[in-house]
Each structure stands twice: as structure tokens, then as C-alpha cells.
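Residue numbers (my numbering), protein chains in the order written: chain A, 5 to 100; chain B, 5 to 100; chain C, 5 to 100; chain D, 5 to 100; chain E, 5 to 100. Where is the CB? At the ideal position from N, CA and C, for every residue including glycine. All of these numbers come straight from a predicted model, not from anything done at the bench. Structure, as C-alpha cells:
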Amino acid sequence: MLIARVIGTTVSTVKDEKISGQKLLVVRQTDERGTAVGKPYVAIDTVGVGVGELVLTCAGSSARQTSQTKDCPVDAVIMAVIDTLEVDGEITFSKS
Amino acid sequence: MLIARVIGTTVSTVKDEKISGQKLLVVRQTDERGTAVGKPYVAIDTVGVGVGELVLTCAGSSARQTSQTKDCPVDAVIMAVIDTLEVDGEITFSKS
Amino acid sequence: MLIARVIGTTVSTVKDEKISGQKLLVVRQTDERGTAVGKPYVAIDTVGVGVGELVLTCAGSSARQTSQTKDCPVDAVIMAVIDTLEVDGEITFSKS
Amino acid sequence: MLIARVIGTTVSTVKDEKISGQKLLVVRQTDERGTAVGKPYVAIDTVGVGVGELVLTCAGSSARQTSQTKDCPVDAVIMAVIDTLEVDGEITFSKS
Amino acid sequence: MLIARVIGTTVSTVKDEKISGQKLLVVRQTDERGTAVGKPYVAIDTVGVGVGELVLTCAGSSARQTSQTKDCPVDAVIMAVIDTLEVDGEITFSKS
Numbered sequence: 005m006l007i008a009r010v011i012g013t014t015v016s017t018v019k020d021e022k023i024s025g026q027k028l029l030v031v032r033q034t035d036e037r038g039t040a041v042g043k044p045y046v047a048i049d050t051v052g053v054g055v056g057e058l059v060l061t062c063a064g065s066s067a068r069q070t071s072q073t074k075d076c077p078v079d080a081v082i083m084a085v086i087d088t089l090e091v092d093g094e095i096t097f098s099k100s
Numbered sequence: 005m006l007i008a009r010v011i012g013t014t015v016s017t018v019k020d021e022k023i024s025g026q027k028l029l030v031v032r033q034t035d036e037r038g039t040a041v042g043k044p045y046v047a048i049d050t051v052g053v054g055v056g057e058l059v060l061t062c063a064g065s066s067a068r069q070t071s072q073t074k075d076c077p078v079d080a081v082i083m084a085v086i087d088t089l090e091v092d093g094e095i096t097f098s099k100s
Numbered sequence: 005m006l007i008a009r010v011i012g013t014t015v016s017t018v019k020d021e022k023i024s025g026q027k028l029l030v031v032r033q034t035d036e037r038g039t040a041v042g043k044p045y046v047a048i049d050t051v052g053v054g055v056g057e058l059v060l061t062c063a064g065s066s067a068r069q070t071s072q073t074k075d076c077p078v079d080a081v082i083m084a085v086i087d088t089l090e091v092d093g094e095i096t097f098s099k100s
Numbered sequence: 005m006l007i008a009r010v011i012g013t014t015v016s017t018v019k020d021e022k023i024s025g026q027k028l029l030v031v032r033q034t035d036e037r038g039t040a041v042g043k044p045y046v047a048i049d050t051v052g053v054g055v056g057e058l059v060l061t062c063a064g065s066s067a068r069q070t071s072q073t074k075d076c077p078v079d080a081v082i083m084a085v086i087d088t089l090e091v092d093g094e095i096t097f098s099k100s
Numbered sequence: 005m006l007i008a009r010v011i012g013t014t015v016s017t018v019k020d021e022k023i024s025g026q027k028l029l030v031v032r033q034t035d036e037r038g039t040a041v042g043k044p045y046v047a048i049d050t051v052g053v054g055v056g057e058l059v060l061t062c063a064g065s066s067a068r069q070t071s072q073t074k075d076c077p078v079d080a081v082i083m084a085v086i087d088t089l090e091v092d093g094e095i096t097f098s099k100s
């Protein structure tokens with residue numbers, strides 16, 4: 005899974021019927037401190053997150069293993085909200 | 005999913021029979037403003053888009069989850085047209 | 005799918021029995037003009053191509069969706085020969 | 005599989021129910037000497053490792069082939085602890 | 005498939021039971037001349053190779069399509085030994 009920050013939202017009227025009603029969030033991978041690295045991508049929200057939160061995204065066929073995304077043409081989902089990250093004995097990110 | 009712009013078309017006479025009649029579009033990944041980044045790739049159009057539009061593409065086995073691409077040897081599909089992108093509270097892309 | 009040029013051939017005597025008799029071609033991803041970018045990789049030919057031709061390659065589990073590669077340990081196939089590419093209103097590649 | 009070092013831990017309260025109780029470790033890919041390269045990612049621990057250990061991680065649908073991660077929305081698992089790496093006739097990494 | 009050179013071996017005592025007894029080789033992707041490019045990764049040997057040989061590796065779910073790796077948590081296998089590579093009319097690699 006990638007550590008990613010939710011940075012925005014996508015509005016799409018014309019889309020595959022299987023993703024109708026699903027929330028398409030714009031995210032960017034971050035490092036262990038929550039600093040953005042790499043290009044933005046879009047993931048389906050399956051846990052109820054807001055813009056600004058740090059999350060985990062899961063890619064590929066594994067993105068279809070949630071009850072919400074089963075058999076859908078989606079290759080990235082948000083499946084966890086990160087509360088804290090601890091790296092090398094240091095809290096590098098804390099949600100509150 | 006990747007944010008991508010449709011930049012062109014591919015004509016192919018000799019191809020796997022399963023993709024006969026499918027529209028092969030040339031796309032390039034973009035950032036949240038629709039600015040192209042990275043190399044071009046080819047995706048199957050499943051929603052009816054035109055050159056110039058900003059879309060979402062889905063990769064890997066998930067690209068076979070649309071009714072049109074089921075069991076096909078394709079690893080990228082366009083499954084949504086982007087109307088607007090909002091990032092950090094700003095509309096970074098709008099279709100019209 | 006990636007746009008790629010067939011640049012060579014691979015001879016392999018010791019290999020998985022499922023790919024016995026299959027043609028292993030060396031390809032390189034190209035841009036929309038057929039100019040090589042990136043590192044060479046090897047793809048199974050399923051449409052009958054020759055060295056020098058511009059093709060589409062399909063990766064991952066989707067590479068096993070042709071009748072020839074079903075259930076085979078292969079992660080890249082050539083599933084289309086490109087006749088022409090048109091990008092931004094210009095013919096950027098033409099086969100003949 | 006990638007050679008990776010376990011560098012930290014993730015705490016997540018809100019997450020997909022299928023990964024409830026699973027240990028989410030922060031890892032970084034390393035070279036054959038255990039020197040970190042690339043960005044951090046998160047993998048499910050299926051073999052019982054601690055921070056600092058060198059491990060193998062497996063990605064994609066293969067990450068769901070352990071008894072612990074079957075049908076879970078996870079795309080990276082730790083499925084082996086590395087004792088030693090020998091490259092070009094030299095022991096480049098030893099656990100103890 | 006990637007062209008890769010076998011550069012070493014991995015010893016792992018604690019690992020998923022499904023890969024017990026399987027040979028874990030360290031490989032690096034090469035170009036068409038056998039010159040290493042990119043980072044090392046680990047692949048399961050399914051054809052009986054030795055350190056120094058040039059091979060093809062197959063990734064993702066396709067890595068589970070050999071009889072030896074079926075249903076295993078592995079995302080890379082060696083499924084062919086390369087005898088010769090010919091690129092642009094020149095033998096760029098020969099095993100003997």
C-alpha cells in the first residue's frame with residue numbers, strides 16, 4: 005500500500021455504470037512524514053475520508069477486494085485512514 | 005486511476021480478434037491541471053470520448069471489468085470523463 | 005497498452021514448457037513518433053510481426069487473455085500491429 | 005519480490021474490516037547490501053518481523069496468496085525474513 | 005518479461021510455508037547486451053539456473069502460472085534461460 009494524502013475531488017458525469025455514486029478522490033503519494041512525492045492519481049474512497057487526510061491506497065486487482073468495489077473497473081482504493089506513522093523510533097506523522 | 009488527456013488515435017488492422025472494433029486512443033497522464041506528464045500510452049475507450057478530453061484510465065486486470073473489455077487482452081481503459089478537478093480548494097480543471 | 009517497436013529476437017532452449025514454441029521478441033517502448041524510450045523488454049508475439057514494426061503490447065494478467073497465452077507464465081504480449089498514429093491532428097507514425 | 009527493510013509501523017483505526025487486526029508495517033526497498041532506495045510503502049506482516057529486519061515483500065494479487073491475506077484489499081505483504089544475501093560471491097548482508 | 009542477470013542467492017529460514025524449498029535468486033534487469041540496469045529484486049527459479057546466467061523473469065499474477073509457483077505468494081519467477089539475443093541484426097548476447 006502507498007501512503008498518500010487526499011488533495012482533492014473529481015466530478016465525472018459520464019463514467020462506467022459500476023462506479024456510479026462512488027467518490028473519486030485525488031491523492032498524492034507521500035513519504036513517512038506526509039510530504040507529497042510523485043504525481044497525483046485518483047482513488048475510490050471506501051472508508052469515508054476528507055481532503056487533507058493521510059490514507060493508505062491499495063492498487064491493482066486488490067483494489068477490487070472491498071465490498072464496495074467488487075467487479076468494478078477501478079485500480080486504486082483508499083482502504084485505511086492513517087492515525088500515526090512511527091519510523092526509526094520517531095512519530096513522523098500524527099493525525100490530530 | 006490516472007488522470008490522462010486523450011491526445012490521438014491508433015489505427016490497427018492486424019490485432020487480436022477480441023479487440024476488433026474497439027477504439028484505441030492515445031493518451032498521456034496529466035497532473036491535476038491537465039498538463040501532460042510522462043509517456044503516451046494507448047487505452048480502450050469505453051465511455052465515448054473525443055481527442056482533447058480529460059479522462060480517467062484504469063489499468064491492469066481492472067481494465068477488463070467493463071462489459072466491453074471482459075476477457076480481452078487490454079491493460080488500460082478509459083472509464084470516466086472528467087468534468088472538474090478541485091485540488092486544495094481550487095478548481096484546477098474544468099471541462100467547459 | 006504501450007506503443008513499442010520490435011527490435012530483436014530471443015533464443016531460449018531451457019524454459020517453462022507452456023511457452024515452448026512461442027516467439028519471444030525484444031521490444032522497446034516508443035513515443036507517438038516511434039522513437040524508442042526506456043529499457044528493452046520481451047513480449048510474446050501473438051499476431052505475427054517482424055523486427056522493425058511498431059506494435060501495441062499488453063502487460064500483466066491481461067497478457068494471458070489471448071488464446072495463445074492462456075494460463076502461460078508470460079506478462080507481456082504483442083496483440084496489435086500499428087498502422088498509423090495520429091496525435092494532435094498530425095500523422096505522427098505511418099507503417100508504409 | 006523486493007528486498008526491503010522494515011522501518012516503522014502504522015496505526016489505523018478506520019480501515020477496511022478485512023484488514024482488522026493485521027499488522028501494517030512501513031518498509032523501504034533496499035539494494036543487496038540493505039541500503040534503502042526509493043520511497044516508503046506499507047506491507048502486511050505475515051511472518052512476524054520486527055523493525056530493522058530485512059525482508060522480502062510480494063506485490064499485487066500475489067500478496068493475497070497467504071492464508072492471512074486471502075481476499076483482502078492489500079497489495080503488499082512481507083512473506084519472508086532474509087537471513088543472508090550473497091551477491092557475486094560475497095556475503096552482502098547477514099542478519100546477525 | 006524482463007531480461008535479467010542472476011547475481012546472487014537469498015537464504016531465508018522464516019517464510020511463508022508455500023515457498024518452502026523454493027530457490028530465491030537475486031537478479032537485476034539488464035539491457036539487450038546483458039548490462040545491469042536498475043535495482044536488484046528476487047525471483048523464484050523454476051528452470052534450474054546458476055549465478056551469472058541471463059534469464060527472463062515474469063512478474064505479477066503471471067508468476068503463479070508455473071506448476072511450481074501455483075497459488076504461491078510470489079510475484080516474480082525465472083521462466084526461461086536466454087541463449088542468445090539478437091537486436092538490430094547483431095548478436096548482442098550469447099550464452100557460451
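Closer than 6 Å: residue i CB and nearest the ligand HEM heavy atom
| i | result |
| --- | --- |
| B/Leu29 | The ligand content of the structure shown is nil, which means the ligand HEM is not present either. |
Chain A contact for residue i (CB, 7 Å cutoff)
| i | result |
| --- | --- |
| B/Asp79 | no |
| B/Ser65 | yes |
| D/Thr2 | The structure shown has nothing for residue 2 of chain D, since chain D only spans 5 to 100. |
| D/Lys27 | no |
Any chain B beta carbon closer than 7 Å to residue i
| i | result |
| --- | --- |
| C/Glu36 | yes |
| A/Ile11 | yes |
| C/Val51 | yes |
| A/Val31 | no |
| A/Thr105 | Missing from the structure shown is residue 105 of chain A; chain A here goes from 5 to 100 and no further. |
Backbone CA spacing between residue i and residue j [nearest angstrom]
| i | j | result |
| --- | --- | --- |
| B/Leu89 | D/Val78 | 27 Å |
| E/Gly38 | C/Ile48 | 20 Å |
| E/Arg68 | B/Gly54 | 38 Å |
| D/Lys19 | D/Leu29 | 15 Å |
| E/Arg114 | C/Lys43 | No information on residue 114 of chain E is available, as it lies outside the stretch 5 to 100 that chain E covers here. |
| A/Val81 | C/Val46 | 31 Å |
| B/Ser24 | C/Val85 | 12 Å |
| A/Thr14 | B/Asp87 | 8 Å |
| A/Val59 | A/Thr96 | 14 Å |
| B/Met83 | C/Leu6 | 18 Å |
| E/Thr73 | C/Gln72 | 21 Å |
| B/Thr61 | E/Thr70 | 30 Å |
| B/Glu1 | B/Gly52 | The requested residue 1 of chain B does not occur in the structure, where chain B is confined to residues 5 to 100. |
Residue i classed as buried or exposed, judged by whether at least 16 other C-beta atoms fall within 10 angstroms
| i | result |
| --- | --- |
| E/Glu57 | buried |
| A/Thr17 | exposed |
| E/Val41 | exposed |
| E/Asp92 | exposed |
| C/Gly64 | buried |
| E/Glu36 | buried |
| C/Ile11 | buried |
| E/Ser100 | exposed |
| B/Ser98 | exposed |
| D/Ser66 | buried |
Within-7 Å CB hit, residue i to chain E
| i | result |
| --- | --- |
| D/Glu57 | no |
| D/Asp75 | no |
| C/Thr61 | no |
| C/Val41 | no |
| D/Val85 | yes |
Short CB-CB distance (under 7 Å) between residue i and chain C
| i | result |
| --- | --- |
| B/Asp92 | no |
| B/Ser71 | no |
Assumed close pair residue i, residue j - CB separation to whole angstroms, cut-off 8 Å
| i | j | result |
| --- | --- | --- |
| B/Asp75 | B/Lys22 | 7 Å |
| A/Thr50 | A/Ala8 | Going by Cβ atoms, the distance from A/Thr50 to A/Ala8 rounds to 14 Å, so no, they are not a contact pair. |
Beta carbon proximity, residue i to chain D, threshold 7 Å
| i | result |
| --- | --- |
| E/Thr143 | Since the first residue of chain E shown is 5 and the last is 100, residue 143 of chain E is not available in this structure. |
Considering only residues of the segment 12-56 of chain D, which uninterrupted beta strand (DSSP E) runs meet the minimum length of 3 residues and lie entirely inside it, listed in chain order? Taking 3 residues as the minimum length, the beta strand (DSSP E) runs contained wholly in the segment 12-56 of chain D are 28-34 and 40-49, in order along the chain.
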